[in-house]
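K.L.:
Before I ask anything, here is the structure I am working with.
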Amino acid sequence: MQRNCFRFAFLAAGGGAFSAAFAGPFSINIVPNATLSANPTALAAFNRAADRWEAIFIDPVSVQIDAGLAALGAGVLGSTSSVHLSSSFTTLRNQMVVDAADEGASNAIIASLPTSATFTAVVPGGYSLSSDMVATKANLKALGFGGLDAAFGASDASITFNTGFAFDFDNSDGVGAGLFDFETVALHEIGHALGFISAVDDVDVRLAANTPGAINMNPLDLFRFQNNVAGNDPANAGDFATMPRYLVTGGDSIFDDGTTEYRFSTGRLTGDGQQASHWKDNLGLGTMDPTLGAGELFDISTADMRAFDLIGYDLAAVPEPGTMVALGVGVAAFLRRRKKA
Numbered sequence: 109m110q111r112n113c114f115r116f117a118f119l120a121a122g123g124g125a126f127s128a129a130f131a132g133p134f135s136i137n138i139v140p141n142a143t144l145s146a147n148p149t150a151l152a153a154f155n156r157a158a159d160r161w162e163a164i165f166i167d168p169v170s171v172q173i174d175a176g177l178a179a180l181g182a183g184v185l186g187s188t189s190s191v192h193l194s195s196s197f198t199t200l201r202n203q204m205v206v207d208a209a210d211e212g213a214s215n216a217i218i219a220s221l222p223t224s225a226t227f228t229a230v231v232p233g234g235y236s237l238s239s240d241m242v243a244t245k246a247n248l249k250a251l252g253f254g255g256l257d258a259a260f261g262a263s264d265a266s267i268t269f270n271t272g273f274a275f276d277f278d279n280s281d282g283v284g285a286g287l288f289d290f291e292t293v294a295l296h297e298i299g300h301a302l303g304f305i306s307a308v309d310d311v312d313v314r315l316a317a318n319t320p321g322a323i324n325m326n327p328l329d330l331f332r333f334q335n336n337v338a339g340n341d342p343a344n345a346g347d348f349a350t351m352p353r354y355l356v357t358g359g360d361s362i363f364d365d366g367t368t369e370y371r372f373s374t375g376r377l378t379g380d381g382q383q384a385s386h387w388k389d390n391l392g393l394g395t396m397d398p399t400l401g402a403g404e405l406f407d408i409s410t411a412d413m414r415a416f417d418l419i420g421y422d423l424a425a426v427p428e429p430g431t432m433v434a435l436g437v438g439v440a441a442f443l444r445r446r447k448k449a
């Protein structure tokens, strides 16, 4: 994913900040520009992808996504630019705890999130941790922050699809030979808008440019650890509360809730070649895989839903561990993948 055109603002507590923002079911409103409106089959596929996300979340919020078609860089199927807002670590961490409090044992691990006083992280030499965190506006809505549209505008993200690729706009009969599934790409891009992002992508860019600085973590980074390294790979709630998060490129990064682990990509420029805001490539972990091959489509997976559940989204139903949810299609990759024989 190319994270560009970010809009930053500071979000403070108080003033009704935790009020519900929308009195209704979870909703994604697609606002097409002229290019997408002129392609009704593409717009219909995009709306079907939005319907998939709407079917699994029950947060009473509305998310607006502006969308269009344009020529993008070589190999890029789609790109998402989200409205990003910053808040103090304490404000955001505490609201994650409040939001998860009524979800029972499945989300009990959230109460073990470290506080600002106890939080530690592995960072590259010369880097520091900011006292603020950054999240997409959509993610903050799901966590219960209200009044965001009034303060920062109705749009939560903008998604653009690359006109340089041949897409199949209806996967109900499979995906045509040599074509890329548009609905899968849309599903993936929406996932980024909803909050599947990582500060390690910013670290990656800074490392490549040799411009160290402060790291603004994202909610998903609170679950980012180093795999199979003593003292860094949590096995229980106590470990989860005290072990450092892993905010460097390279190495073996994992999503870890103290019980379940899924591998992350580690960086396009200085890591494994894929942006850190994705699952590890070619493992079939779910919608947020970084690449897509012609003829491929995927479902929203248990891994996808677990990640979104823990960063603040309420699930309509919790799947059995290891299963895939039959929601039609899912994966979307920013990048084209050459399909292996």
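In short: position in the sequence shown from 1, add 108, done, that's my numbering.
Ideal placement from N, C-alpha and C gives every residue a C-beta, glycine not left out.
Applying the 10 Å Cβ sphere with the 16-neighbour rule, what's the burial state of valine 206?
P.N.:
exposed
K.L.:
Find the nearest neighbour of proline 133 within the set Ser187, Pro148, Asn147, Asp159, judged by alpha-carbon distance.
P.N.:
Asp159
K.L.:
Based on Cα-Cα distance, which residue from Ser263, Gly284, Ala415 lies nearest to valine 370?
P.N.:
As written in the sequence, residue 370 is tyrosine, which differs from the valine given in the question. Considering only alpha carbons, the answer is Ala415.
K.L.:
Determine the contact status of alanine 345 and isoleucine 217, defining contact as a CB-CB distance below 9 Å.
P.N.:
Less than 9 Å divides the Cβ of alanine 345 from the Cβ of isoleucine 217.
K.L.:
Taking the alpha-carbon positions, what's the serine 220 to phenylalanine 348 distance?
P.N.:
Cα to Cα, the separation comes out at about 7 Å.
K.L.:
Could you confirm whether any beta carbon from chain C is found closer than 9 Å to the beta carbon of alanine 175?
P.N.:
Looking for chain C here will not work: only one protein chain is present.
K.L.:
Rounded to whole angstroms, what's the CA-CA distance from phenylalanine 273 to alanine 178? Just pull it up for me.
P.N.:
10 Å
K.L.:
Can you pull the DSSP bridge partners for histidine 192?
P.N.:
Per DSSP, Thr244.
K.L.:
Tell me whether serine 170 counts as near the ligand PLP, meaning its Cβ is closer than 8 Å to at least one heavy atom of that ligand.
P.N.:
By its list of ligands, the structure shown contains no ligand whatsoever, and the ligand PLP lies outside what it can speak to.
K.L.:
Taking the CB atoms as reference points, tell me whether glycine 394 and serine 409 lie closer together than 9 Å.
P.N.:
yes
K.L.:
Can you name the start and end residues of the beta strand (DSSP E) that methionine 351 belongs to?
P.N.:
No beta strand (DSSP E) contains methionine 351, which DSSP labels as neither H nor E.
K.L.:
Quick one: grab the DSSP three-state call for threonine 226.
P.N.:
coil
K.L.:
Run the CB neighbour count on serine 280, radius 10 Å, all protein chains shown included, and call it buried at 16 or more, exposed below.
P.N.:
exposed
K.L.:
Can you check which of these residues, Ser194, Gly403, Asp167, is closest to glutamate 211 by C-alpha distance?
P.N.:
Asp167
K.L.:
For threonine 143, does the three-state DSSP call read helix, strand or coil?
P.N.:
helix
K.L.:
Using 10 angstroms around the beta-carbon of asparagine 318, count the other beta-carbons present and answer buried if the total reaches 16, otherwise exposed.
P.N.:
Counting every other CB atom within 10 Å of its CB across the protein chains shown gives asparagine 318 a total below 16, marking it as exposed.
K.L.:
State the Cα-Cα distance for the pair glutamate 162 and isoleucine 136, rounded to the nearest angstrom.
P.N.:
7 Å
K.L.:
Taking the alpha helix (DSSP H) that alanine 301 falls in, what are its first and last residues?
P.N.:
290-302
K.L.:
Find the nearest neighbour of aspartate 364 within the set Gln382, Gly375, Arg332, judged by alpha-carbon distance.
P.N.:
Arg332
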